[in-house]
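A.B. asks:
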Amino acid sequence: MPQVSVVVPIYQVEAWLPRCLESIAAQTFRDFECILVDDGSPDGCGALCDEWSSRDARFSVIHKQNGGLSSARNAGLAAAASQWVVFCDSDDALHPQLLELALAIQKAAPPHTLVCWQYGPPGTSSSPLQAQAEPQTAGQLFESGNFPSACSKLWNRALLASLGLQFNEAVRWAEDLDFTTRYLLALLSKTGKAEFLLIPHVLYFYQQRSGNLTTSYFPEKLECEFAALPPLLELFQTLCGTDPVLLAPFCRHELFVLLGRLSDCVRLESSISARARWQKVRRCLALPCMREFLTLCHRCRAWPALNFCARHGLAHLCLFGVRNCYKPWYTKLVRARLFVQNKFYWGWQAVKGLFARGKG
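Just so we're aligned, residue 407 is where the sequence shown starts under the working numbering, counting upward by one.
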């Protein structure tokens, strides 16, 4: 039985798939299986998968009807036979030592440890890397952007199987965040603790391309982000308790993400009127989980993160959101005239105009 399974969900990536599969075949750790899940791809991906499975016994193929990313990952997970699982998207690539380093570190760590690695744009490394990792808090992982990704972690398949954990096929966006959150809550329930080790090297190379889920906008993104918030709050308050130092990185990053989604709704959701978009924003801001989150942010003194949001054109939502949900922040921002002192910020009159539209 192989020690690790690499699951690759595949759909319309014929141009990038060879690079992905070559990076998996080139792993310095040889005792693995690679499960290719052809999710009803209409291009030549299915034939490429069959070709690889015929020439390398470690590669196997599942051909299925199109069901989306989560459905394809679940099919690969169900077919996996090893103790550990790594997910790799079919337009991305792995560093040659990824499996070697991750397994070496995991074997030396306690069973409640989640081994993670950094990811970044395509690159190469000529010198061999050492099996070393740095302890991380959940907040540090979250603020770095590493926490949600399913492709930057070594998953315990035995734990997943014993708990019946799978990707939620009803979730079209933030399915990685949903999966990671439920996995860690289950790990905490089973072992009473969860620790994180981060390999300080970029071992996963992602491909940014237009038209994929990450770079495209669709209305469900907003609902999915807010649906993920309640279990995320539960997880971080379980992991960090009431310590504001541990909670602050999570609050800063999640605040920026949520305000970004709200801004996308206002700017990009052209299928409904401007009035309907602002009403949608109001409903999200009025959710009990959002009020709980903003209260937590205030306790952790995370409100300066709004300054960063403003620099990225989100000034109107910063003020509109905190005015409606947490008035102490609004008072601070208005007194400081935070959004009118820098030439990159929206003018005060423009912000007031957006307020008037939000009220309408």
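Built from N, CA and C at the ideal position, the CB exists for glycine as well.
Remember, it's a predicted structure, so these values are computed and weren't measured experimentally.
For Val-419 and His-469, what's the separation of their Cα atoms in angstroms?
C.D. replies: If you take the alpha carbons of Val-419 and His-469, they lie about 15 Å apart.
A.B. asks: Measuring only the C-alpha atoms, how far is Thr-648 from Leu-638?
C.D. replies: Here the alpha carbon of Thr-648 sits roughly 15 Å from the alpha carbon of Leu-638.
A.B. asks: Pull up the CB-CB distance for Cys-522 and Val-414, whole angstroms please, since I reckon it's below 8 Å.
C.D. replies: Their Cβ separation, rounded to whole angstroms, is 19 Å, which puts Cys-522 and Val-414 out of contact at 8 Å.
A.B. asks: In the stretch 540-565, which residue ranges form an unbroken beta strand (DSSP E) of at least 3 residues, counting only runs that do not cross its ends?
C.D. replies: 540-542
A.B. asks: So, is Arg-658 buried or exposed, given that buried needs 16 or more other C-beta atoms within 10 angstroms?
C.D. replies: It counts as buried.
A.B. asks: Helix, strand or coil for Ser-628, going by three-state DSSP, please let me know.
C.D. replies: The identity of residue 628 in the sequence shown is Leu, whereas the question assumes Ser. Three-state DSSP puts Leu-628 in a helix.
A.B. asks: What residue does the alpha helix (DSSP H) around Gly-452 start on, and which one ends it?
C.D. replies: Residues 451-461.
A.B. asks: Select from Leu-652, Pro-424, Val-443 and Leu-661 the residue whose C-alpha is nearest the C-alpha of Leu-547.
C.D. replies: Leu-652
A.B. asks: Report yes or no: is there a C-beta of chain B within less than 7 Å of the C-beta of Asp-444?
C.D. replies: The chain labelled as chain B is not found in the depicted structure, where only one protein chain is given.
A.B. asks: Report the option in Asp-449, Asp-462, Trp-458 and Glu-439 whose CA atom is closest to the CA atom of Ala-485.
C.D. replies: Considering only alpha carbons, the answer is Glu-439.
A.B. asks: Decide if Lys-599 is buried, meaning its Cβ has at least 16 other Cβ atoms within 10 Å, or exposed.
C.D. replies: Classification of Lys-599: exposed, given that the 10 Å Cβ count is below 16.
A.B. asks: Tell me the residue span of the alpha helix (DSSP H) that contains Val-585.
C.D. replies: Looking at the sequence itself, residue 585 is Phe, so the reference to Val does not match. Residues 581-597.
A.B. asks: In whole angstroms, give me the CA-to-CA distance for Arg-673 and Ala-682.
C.D. replies: 12 Å
A.B. asks: Do you know how far the Cα of Thr-597 is from the Cα of Pro-534?
C.D. replies: 34 Å
A.B. asks: Are there three or more Cβ pairs, one per stretch, closer than 8 Å when the stretch 655-671 is compared with the stretch 538-552?
C.D. replies: yes
A.B. asks: Thinking C-alpha only, which one of Ser-679, Leu-668, Gly-450 and Cys-703 is nearest Leu-691?
C.D. replies: Leu-668
A.B. asks: Does Pro-528 pass the burial test, meaning 16 or more other C-beta atoms within 10 Å, or should it be called exposed?
C.D. replies: Counting the other Cβ atoms within 10 Å of the Cβ of Pro-528 gives fewer than 16, which makes it exposed.
A.B. asks: Which whole-angstrom value is the C-beta distance of Tyr-610 and Leu-500, which I expect to be below 8 Å?
C.D. replies: 6 Å
A.B. asks: Could you pull out every residue in the same chain whose Cβ sits closer than 6 Å to the Cβ of Leu-635, ignoring the five residues on either side in sequence?
C.D. replies: Cys-695
A.B. asks: Measure the C-alpha to C-alpha separation of Asp-449 and Ile-430 and round it to an integer number of angstroms.
C.D. replies: 21 Å
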